[in-house]
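All remarks here apply to the structure that follows.
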Amino acid sequence: MKRNVVLGMLLVIAIVISGCTQTPATTDKKDSETTDVVTTASIVNTEDAFIKAISKDGTWIIATLGDLKIDSDLVLDGEFVNGKKDDAGNDIVQRKIGLYTQDEARNVTARFTLTAPKITINSPKASIEHGTFVGDVYVTATDFQLKDQKIEGNLYFTNPEAQATFKMDATSSVTGVQELKQ
């Protein structure tokens with residue numbers, strides 16, 4: 181029995197060492213304008229983590245674990261892909277702020293409030309979902325969406341294209357004005 185354990189441990193060590201000594205495969209790098217790499221979700225519960233997650237170096241999904249109050253203006257920056265392909269085989273661009281938690285079946289289990297003086301949406305095809313944002317929203321990017329989301333403040337579009345491509349579902353609401361503000 182002791183002999184089998186020792187042999188098993190030696191086998192594991194040999195596998196680990198052989199895996200560590202292999203040289204990494206090289207890939208050809210092409211210079212082209214592409215979207216950022218696919219990233220995983222950023223689950224956040226602090227101001228600093230949220231600000232980092234919404235930056236151009238953040239993640240495509242930002243999910244909160246509770247209410248957040250941030251005293252500075254926020255900017256959702258960067259272009260991200262969600263890991264899926266469209267019918268033509270192209271990466272799907274998407275960015276999401278999820279102010280909620282969900283269970284394994286993707287049912288919303290809790291909704292949260294994000295409070296800030298303002299948030300500017302610079303990421304294309306971004307959405308804010310299933311919670312409440314208290315403050316003003318400035319949209320510069322195209323295809324911004326509200327999904328089951330409440331905005332307690334104004335919704336301003338900084339250009340006609342951002343306003344024309346905006347979508348809001350029937351369960352979303354904005355308490356203030358929705359207007360073009362160039």
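The sequence shown begins at 181 in our numbering and counts up by one. Cβ atoms here follow ideal geometry from the backbone N, Cα and C, with glycine treated the same way. As the structure is a prediction and not an experimental result, all values here were calculated from the model.
(request) Indicate the three-state DSSP secondary structure (helix, strand or coil) for Glu309 in the structure shown. (result) The residue given as residue 309 occupies position 129 in the sequence shown. Residue state, collapsed to three classes: strand.
(message) Suppose you measure from the CA of Ser235 to the CA of Pro340; what does that come to, to the nearest Å?
(response) Locating residue 235 in the sequence shown gives position 55, counting from the first residue. Locating residue 340 in the sequence shown gives position 160, counting from the first residue. Spanning the alpha carbons of Ser235 and Pro340 requires a straight line of approximately 24 Å.
(message) So, under 8 Å CB-CB, Gln362 and Thr345 are touching, yes? Tell me the CB distance rounded to an integer number of Å.
(response) By 1-based counting over the sequence shown, the position of residue 362 is 182. By 1-based counting over the sequence shown, the position of residue 345 is 165. Not really, about 16 Å apart at Cβ, beyond 8 Å.
(message) Quick check on the burial criterion: 16 or more other C-beta atoms within 10 angstroms. Buried or exposed for Arg286?
(response) The residue given as residue 286 occupies position 106 in the sequence shown. Answer is exposed; the Cβ neighbour count stays below 16.
(request) Keeping to the same chain, check which residues put their C-beta closer than 8 Å to that of Gly311; ignore five residues upstream and five downstream. (result) Against the sequence shown, residue 311 aligns to sequence position 131. Around Gly311: Thr244, Gly278, Leu279, Tyr280, Arg291, Phe292, Thr293, Leu294, Gln329, Lys330.
(request) Please state whether DSSP places Lys420 in a helix, a strand or coil. (result) A question about residue 420 goes unanswered here, because the residues of the chain that appear run from 181 up to 362.
(message) Need the endpoints of the alpha helix (DSSP H) that Glu341 sits in, please.
(response) Here residue 341 is taken as the residue at index 161 of the sequence shown, counted from 1. Where Glu341 is concerned, the enclosing alpha helix (DSSP H) stretches over 340–344.
(request) Have a look at Leu360 and Val317 and give me their C-alpha separation to the nearest angstrom. (result) As a first step, residue 360 must be located in the sequence shown, where it is residue number 180. As a first step, residue 317 must be located in the sequence shown, where it is residue number 137. Roughly 12 Å between the two C-alpha positions.
(message) In this structure, how does DSSP classify Glu332 when only helix, strand and coil are distinguished?
(response) As a working mapping, residue 332 is identified with position 152 in the sequence shown. Glu332 falls in the strand class under three-state DSSP.
(request) Assign Thr289 to buried or exposed, taking buried as 16 or more other Cβ atoms, counted over all protein chains shown, within 10 Å of its Cβ. (result) In the sequence shown, the residue the question calls residue 289 occupies position 109. Exposed, because fewer than 16 other Cβ atoms sit within 10 Å of the Cβ of Thr289.
(message) Which of the three DSSP states is assigned to Glu259 in this structure?
(response) What you label residue 259 is simply residue 79 of the sequence shown in a count that begins at 1. Coil.
(request) Under 8 Å by Cβ, that's how I've got Lys410 and Glu309 pegged, so tell me the actual separation to the nearest angstrom. (result) The chain is shown from 181 up to 362; residue 410 falls before or after that span and cannot be answered.
(request) Give the straight-line distance between the Cα atoms of Ser222 and Gly238, rounded to the nearest whole angstrom. (result) Residue numbering aside, residue 222 sits at position 42 when the sequence shown is read from its first letter. Residue numbering aside, residue 238 sits at position 58 when the sequence shown is read from its first letter. Between Ser222 and Gly238, the C-alpha separation is close to 8 Å.
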